[in-house]
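Peer 1:
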């Protein structure tokens, strides 16, 4: 680089060589620093100097003016003092955290609370192990309770005993007493269970055989009658009965009593008059009254016609008429007791097209609603006439 700078003035007088141009190209950035190589280029920085000198002149002129006023300096001093005081004040503030230390002190009493709970668990562990073996029959628990309180005071320091023995004795103590009582309790309900189904099976077996019930009354009839009562829902009807004075029962040589009752299966009914429901009684009681002269003050005593109001008639029931005081009663003589749906009220008179007629009696089974609509007077009139019907040959028919 120094060699190129020395040769440059010699080449100024003549044409620059190629080597000089090449050297000048690579030495251009450094030649600007040398005053000898750039006489013309210095003019450009001279133009910029006045601009750079202006701020320097301004700085020299404004230097005395930039001094802040006294008030500003005083204010800055005050602020500095305030900052110092602020920096010094946090030190007493830092003393306040010790005041928060009482909070953990409050939590410390809470920590001993769980400890007694754990100790209470350990206390029952020791007594139950000793209680079941010697005092197996004694169920009273008050004896171990005082022992548990004493064991609590002794077991407080021994915390490791809480782990293994706590669970084992508790389970054993519970299993021993709990297994003994359940055995008898389970056996008790098993005994009544088989007792219930037998009666239900008997009722179901007898229910379908409602028809043969008429043939069984010759022997012990109580079994056939309840089946009829359970065969279906009962309907309400008024039974109007008129006895035949010239029937077979009146030809037995003894004077008829004319004190009838009606039975359906094991249930019988005694008349209570035209305005009251018939009195219900068992067939056993009715057979006891069969040898007497009267059933009750409301029975059809010495009457040829009788009315049994609001009688419950099960579906498929068989009606049997028993004449109290008569020995000629035939239990096999039964009739279908279904309510007669042809019964109606016409011109204030009651009529039924399907009566039950035998040589000894005639019966109308009138639905209770029809009997109520007909009224007591219409029922009394038709019973007094002997329940007339054109299909039954009788001299008194109308």
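Numbering (the numbering used here), first residue to last: 186 to 583. Beta carbons are placed, not taken as given, at the ideal position from N, Cα and C, and that holds for glycine. Please read all numbers here as calculations on a predicted model, not as lab measurements.
Give the DSSP-derived three-state secondary structure of residue 423 in the structure shown.
Peer 2: In the structure shown, residue 423 sits in a strand (DSSP, three-state: E or B).
Peer 1: With a threshold of 6 Å on Cβ separation, who are the neighbours of residue 549 within its own chain once the five nearest residues in sequence on each side are excluded?
Peer 2: These residues qualify, in order along the chain: 425, 537, 540 and 572.
Peer 1: Where does residue 204 land, buried or exposed, given buried means 16+ other C-beta within 10 angstroms?
Peer 2: So residue 204 ends up on the exposed side.
Peer 1: Does the separation of the CB atoms of residue 466 and residue 445 fall below 9 Å?
Peer 2: No, the Cβ-Cβ distance between residue 466 and residue 445 is not below 9 Å.
Peer 1: Name the residue from 491, 257 and 209 whose alpha carbon lies nearest to the alpha carbon of residue 423.
Peer 2: Of 491, 257 and 209, the residue nearest in Cα terms is 491.
Peer 1: Excluding sequence positions up to five away, which residues of its chain have a Cβ less than 6 Å from the Cβ of residue 595?
Peer 2: The first residue shown for the chain is 186 and the last is 583, placing residue 595 beyond what the model contains.
Peer 1: Just list the residues that DSSP pairs residue 529 with in beta bridges.
Peer 2: BP columns for residue 529 point to 536.
Peer 1: Would residue 507 pass as a contact of residue 459 if the rule is Cβ separation under 9 Å?
Peer 2: For residue 507 and residue 459, no; Cβs fall outside 9 Å.
Peer 1: Under the DSSP definition of a beta bridge, which residues are partnered with residue 508?
Peer 2: DSSP output for residue 508 lists 445 as bridge partner(s).
Peer 1: Helix or strand or just coil, what does DSSP make of residue 496?
Peer 2: DSSP places residue 496 in strand when its eight states are reduced to three.
Peer 1: I need the DSSP call for residue 252, collapsed to helix, strand or coil.
Peer 2: Of the three classes helix, strand and coil, the one that applies to residue 252 here is coil, per DSSP.
Peer 1: Which two residues bound the contiguous beta strand (DSSP E) that contains residue 466?
Peer 2: From DSSP, the beta strand (DSSP E) with residue 466 extends over 464–467.
Peer 1: Can you give me the C-alpha to C-alpha distance between residue 520 and residue 497, rounded to a whole angstrom?
Peer 2: Cα to Cα, the separation comes out at about 16 Å.
Peer 1: Closest by CA to residue 486, which one among 457, 418, 259 and 502?
Peer 2: Comparing Cα positions, the closest option is 457.
Peer 1: When you compare the CB of residue 495 with every CB in chain D, is at least one pair closer than 9 Å?
Peer 2: The structure shown contains no chain D; it holds only a single protein chain.
Peer 1: In whole angstroms, what separates the C-alpha of residue 451 from that of residue 469?
Peer 2: Straight-line Cα distance between these residues: approximately 8 Å.
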